[in-house]
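S.K.: Encoded as structure tokens, here's the structure I'll be asking about.
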Amino acid sequence: MGYAVTDSERVEAPPVAAPSRWSSPVMVVLSFAVLLVAWHVGATLWPSRSFPAPLSVLQTFISETASGDLPYNLAITLWRVAAAFFLAMTIGSVIGVLLGNHARADQFFNPWLILFLNIPALVIIVLAYIWFGLNEAAAIGAVAVNKIPNVVVTMREGTRALDPRYAEMAKVYRLGAFDRLRHVLLPQLQPYIAASSRSGVALIWKIVLVVELLGRSNGVGFQINLFFQLFDVAAILAYTLAFVAVMLFIELVVVQPLEQTSTRWRRRAA
Amino acid sequence: MNKHPLAGAAARLKVNIEHKSFRSSNGGAIDVLQDLQFEVAQNEFACILGPSGCGKTTTLRILLGLEHDYRGTIQLPGVAQARMGAVFQEPTLLPWRTVEENVRLAMPRQQRQASLDTLFGQLGLSSMRNFYPGELSLGLARRAAIARALAIEPDILLLDEPFVSLDEATAQQLRYLLMTVWSERPTTALMVTHNLQEAIMLSDRIIVLSERPAHVIGTFDIRLPRQYRSEQVKADLLRSFNEKFAGTRNAP
Numbered sequence: 448m449g450y451a452v453t454d455s456e457r458v459e460a461p462p463v464a465a466p467s468r469w470s471s472p473v474m475v476v477l478s479f480a481v482l483l484v485a486w487h488v489g490a491t492l493w494p495s496r497s498f499p500a501p502l503s504v505l506q507t508f509i510s511e512t513a514s515g516d517l518p519y520n521l522a523i524t525l526w527r528v529a530a531a532f533f534l535a536m537t538i539g540s541v542i543g544v545l546l547g548n549h550a551r552a553d554q555f556f557n558p559w560l561i562l563f564l565n566i567p568a569l570v571i572i573v574l575a576y577i578w579f580g581l582n583e584a585a586a587i588g589a590v591a592v593n594k595i596p597n598v599v600v601t602m603r604e605g606t607r608a609l610d611p612r613y614a615e616m617a618k619v620y621r622l623g624a625f626d627r628l629r630h631v632l633l634p635q636l637q638p639y640i641a642a643s644s645r646s647g648v649a650l651i652w653k654i655v656l657v658v659e660l661l662g663r664s665n666g667v668g669f670q671i672n673l674f675f676q677l678f679d680v681a682a683i684l685a686y687t688l689a690f691v692a693v694m695l696f697i698e699l700v701v702v703q704p705l706e707q708t709s710t711r712w713r714r715r716a717a
Numbered sequence: 376m377n378k379h380p381l382a383g384a385a386a387r388l389k390v391n392i393e394h395k396s397f398r399s400s401n402g403g404a405i406d407v408l409q410d411l412q413f414e415v416a417q418n419e420f421a422c423i424l425g426p427s428g429c430g431k432t433t434t435l436r437i438l439l440g441l442e443h444d445y446r447g448t449i450q451l452p453g454v455a456q457a458r459m460g461a462v463f464q465e466p467t468l469l470p471w472r473t474v475e476e477n478v479r480l481a482m483p484r485q486q487r488q489a490s491l492d493t494l495f496g497q498l499g500l501s502s503m504r505n506f507y508p509g510e511l512s513l514g515l516a517r518r519a520a521i522a523r524a525l526a527i528e529p530d531i532l533l534l535d536e537p538f539v540s541l542d543e544a545t546a547q548q549l550r551y552l553l554m555t556v557w558s559e560r561p562t563t564a565l566m567v568t569h570n571l572q573e574a575i576m577l578s579d580r581i582i583v584l585s586e587r588p589a590h591v592i593g594t595f596d597i598r599l600p601r602q603y604r605s606e607q608v609k610a611d612l613l614r615s616f617n618e619k620f621a622g623t624r625n626a627p
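In order, the protein sequences belong to chains A and B. Sequential numbering of the first sequence, starting at 448, is according to our numbering. Sequential numbering of the second sequence, starting at 376, is according to our numbering.
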């Protein structure tokens, strides 16, 4: 026979918090509109070839899109960002978890980590091109190496914050390696993975542009270098804004819903 | 250093811990257990009773395989690797998995699809299966932890003060629940507690530990089946317990 749950035992979920006014879509649109108007007014008051109005940037965007150049180069850059991101997150997480678990190894490798954290991105890129040639692997590898130390630092902190009680529970109940990874380790590291992904994408896409500028013959970075030599600011802005828009889209459509699903156990808090 | 002989079918739990100490942060060693020996028969419910900080939890952690640095032998019941159902002091449910997912995750893979309706029904968790642990009260989370320990059909059930920090009514209700589900699938069980009334209500035998370094002062067998333990009987048992251990232990 089962025992009924008394009212005092049941915990009511707190009421769902009303969404903050600042994150509402209306506010976002309004905010961007104000920026656009300010830009337009500025460009009208001080007309210059090096400071085009929003409309001429839009025109360049349309013509570049129609010719197929912009989508092609955008896709190339996106693929490089994705590949470098995946590489950096995987390798960085594995190293970070290992260092967080083994204090002795951490002490030994910490100076290396500090060294790599402080090597300028440009140096790694140049060395990668010299040692491995002007190819795709060197480009993506150089970007990943730039990001890995940051991921290591974040994931190491995450590993130190792991709750040993869950590991003990997993040991007593003999959870398999896959179950431990998927149900015990990754959920605990999730906030740290999210944090390093967020900062990672922003950092990686900036470095990808430098890599493309220095040693590739396509991609947004290569195009921007081209337009720099032509002094075509409208095209530079068109490419930049197109890429930022894509990243914003990924953030809103992929990252945020994913985060909401993976944290729905947190008592339905906002 | 330590031996963990699990080979061969053994029905009894045999514990013989010669020595266990902890190293404190300032370098000194604290002796926790010294010549601790006891046995628990198959399908017997035993309680380890002892003063606070005497090493009860450490004993349980050694049995669970979470402490390795000790001298002595232990023999767990069951063939080869004993399946252990553990209820920790805190429920230790994964907060990002529902109650049911938590229970199923602990089960061996080939049993994961087994029906849990009866178990959840008996523990009053049927309507809570899809709740996350954060949405449960401590009492309900404890029930889920008990469900997890029993769902794996353990060779031995190890409980570490499972009713601590609950109000007395809830704790008492949980004790009855534990007895109901345990009687249906009896296994060798060892519960750590500092609550004598609880031990008298639940156990077949009480193993009384000394102050640190802990060893067994004596055991107190209760042969009367639980359903006959009325308030009067429990009071009598309490009195004879206190008589037996008068010199060694302050009556609660």
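All C-beta atoms, glycine included, are put in the ideal place defined by N, C-alpha and C. Being a predicted model, the structure only gives us computed values, none of them experimental.
For R436 of chain B and L534 of chain B, what's the separation of their Cα atoms in angstroms?
M.R.: So the alpha carbons of these two residues sit roughly 10 Å apart.
S.K.: Using CA atoms only, rank isn't needed, just tell me which of B:Q409, B:I405, B:M459 is closest to L622 of chain A.
M.R.: Checking every option, the nearest Cα to that of L622 of chain A belongs to B:M459.
S.K.: In this structure, does DSSP put R458 of chain B in helix, strand or coil?
M.R.: R458 of chain B falls in the coil class under three-state DSSP.
S.K.: Would you identify the three-state DSSP class for L438 of chain B, choosing helix, strand or coil?
M.R.: Residue state, collapsed to three classes: helix.
S.K.: Along chain A, which residues have their Cβ under 9 Å away from the Cβ of E465 of chain B?
M.R.: R612, listed in chain order.
S.K.: With a threshold of 8 Å, are at least 3 pairs of Cβ atoms found where one atom belongs to the stretch 395–409 of chain B and the other to the stretch 546–554 of chain B?
M.R.: They do not touch, by the three-pair rule.
S.K.: Below 7 Å on C-beta distance, what does L599 of chain B contact in chain A?
M.R.: Here the premise fails: no neighbours, minimum Cβ distance about 23 Å.
S.K.: Note down, in chain order, every chain B residue with its Cβ under 7 Å from the Cβ of W712 of chain A.
M.R.: The answer, in chain order, is P470, W471, Y507, G509.
S.K.: In chain order, what residues of the same chain lie with their CB nearer than 8 Å to the CB of S399 of chain B, ignoring the 5 residues before and after it?
M.R.: Result list for S399 of chain B: I405, in chain order.
S.K.: What separation, rounded to the nearest whole angstrom, lies between the Cα atoms of N570 of chain B and A421 of chain B?
M.R.: Distance between the alpha carbons of N570 of chain B and A421 of chain B: 13 Å.
S.K.: Less than 8 Å between the CB atoms is what I'm expecting for H630 of chain A and R472 of chain B, so what's the real figure, rounded?
M.R.: Going by Cβ atoms, the distance from H630 of chain A to R472 of chain B rounds to 6 Å, so yes, they are a contact pair.
S.K.: Can you tell me the Cα-Cα spacing of L688 of chain A and A513 of chain A, whole angstroms?
M.R.: Spanning the two alpha carbons is a distance of roughly 16 Å.
S.K.: From the DSSP output, in three-state form, read off D410 of chain B for me.
M.R.: Looking at D410 of chain B - three-state DSSP - the assignment turns out to be strand.
S.K.: From which residue to which residue does the beta strand (DSSP E) around S540 of chain A run?
M.R.: Careful: S540 of chain A lies outside any beta strand (DSSP E), inside the alpha helix (DSSP H) at 516–548.
S.K.: Can you have a look at R560 of chain B and say buried or exposed, based on whether 16 or more other CB atoms are within 10 angstroms of its CB?
M.R.: With fewer than 16 Cβ atoms within 10 Å of its Cβ, R560 of chain B is classed as exposed.
S.K.: For Y639 of chain A, count the other beta carbons within 10 Å of its own beta carbon; 16 or more makes it buried, fewer makes it exposed. Which is it?
M.R.: It is buried - the Cβ of Y639 of chain A has at least 16 other Cβ atoms within 10 Å.
S.K.: Skipping 5 residues on each side, what residues in its chain have a beta carbon closer than 7 Å to that of A575 of chain A?
M.R.: Cβ neighbours of A575 of chain A beyond the five flanking positions: A585, G588, A589.
S.K.: Please list, in chain order, the residues of the stretch 619–638 of chain A that have any C-beta partner in chain B closer than 9 Å.
M.R.: Listed in sequence order: V619, Y620, R621, L622, G623, D626, H630, V631, P634, Q635, Q637.
S.K.: Counting only beta-carbon separations shorter than 8 Å, does E706 of chain A have a partner in chain B?
M.R.: By this cut-off, E706 of chain A is not an interface position.
S.K.: Could one say the Cβ of E615 of chain A lies closer than 8 Å to chain B's Cβ atoms, at least one of them?
M.R.: Answer yes: the Cβ-Cβ gap between E615 of chain A and chain B drops below 8 Å somewhere.
S.K.: Using only CA atoms, which one of A:V700, A:V701, A:E706, A:N665 lies nearest to Y686 of chain A?
M.R.: The shortest C-alpha separation from Y686 of chain A is found at A:N665.
S.K.: Applying a beta-carbon distance threshold of less than 7 Å, which residues of chain A neighbour M554 of chain B?
M.R.: Neighbours of M554 of chain B on chain A: none; closest Cβ ~12 Å, over 7 Å.
S.K.: Using only CA atoms, which one of A:N557, A:R607, A:I651 lies nearest to L534 of chain A?
M.R.: Out of A:N557, A:R607, A:I651, A:I651 has the C-alpha closest to the C-alpha of L534 of chain A.
S.K.: Between which two residues does the alpha helix (DSSP H) containing T493 of chain B stretch?
M.R.: From DSSP, the alpha helix (DSSP H) with T493 of chain B extends over 492–497.
S.K.: Is L424 of chain B close to chain A? Criterion is C-beta to C-beta, closer than 8 Å.
M.R.: Answer no: the Cβ-Cβ gap between L424 of chain B and chain A never drops below 8 Å.
S.K.: List the residues of chain A whose Cβ lies closer than 7 Å to the Cβ of M375 of chain B, in chain order.
M.R.: Outside the displayed range of chain B (376 to 627) lies residue 375 of chain B, so it cannot be described from this structure.
S.K.: Compare the Cα-Cα distances from Y613 of chain A to each of B:I392, B:R387, B:L441, B:V539 and report the closest residue.
M.R.: For Y613 of chain A, the nearest C-alpha among the options comes from B:L441.
S.K.: With the cut-off set at 8 Å, would you say A520 of chain B and L468 of chain B are in Cβ contact?
M.R.: In contact: A520 of chain B and L468 of chain B (Cβ atoms closer than 8 Å).
S.K.: Look up R479 of chain B in the DSSP assignment and give the residues it is bridged to.
M.R.: R479 of chain B pairs with nothing; no bridge assigned.
S.K.: Looking only at its own chain, which residues have a Cβ that is under 7 Å from the Cβ of Q670 of chain A, when we skip the five neighbours before and after it?
M.R.: Excluding sequence neighbours, Q670 of chain A sits near N520, Y686.
S.K.: Do three or more CB pairs link the stretch 495–511 of chain A to the stretch 671–685 of chain A at distances below 8 Å?
M.R.: Contact holds: three or more Cβ-Cβ distances are below 8 Å.
S.K.: Provide the residue span of the alpha helix (DSSP H) that contains A564 of chain B, from first to last.
M.R.: Segment 563–568 is the beta strand (DSSP E) holding A564 of chain B; no alpha helix (DSSP H) there.
S.K.: Under 8 Å between C-beta atoms, does L439 of chain B make it to chain A?
M.R.: So, interface residue.
S.K.: Using C-beta distances below 7 Å, list every residue in its chain close to E393 of chain B, excluding the 5 sequence neighbours before and after it, in chain order.
M.R.: Excluding positions up to five away in sequence, the list reads D410, R446, G447.
S.K.: Pull up the distance between the alpha-carbon of M602 of chain A and that of Q635 of chain A, whole angstroms please.
M.R.: Their backbone Cα atoms lie some 11 Å apart in a straight line.
S.K.: I'd like to confirm the pairing. Which residues does DSSP put opposite V390 of chain B in its beta bridges?
M.R.: In the DSSP output, where bridge partners are listed per residue, V390 of chain B has B:F413, B:I449.
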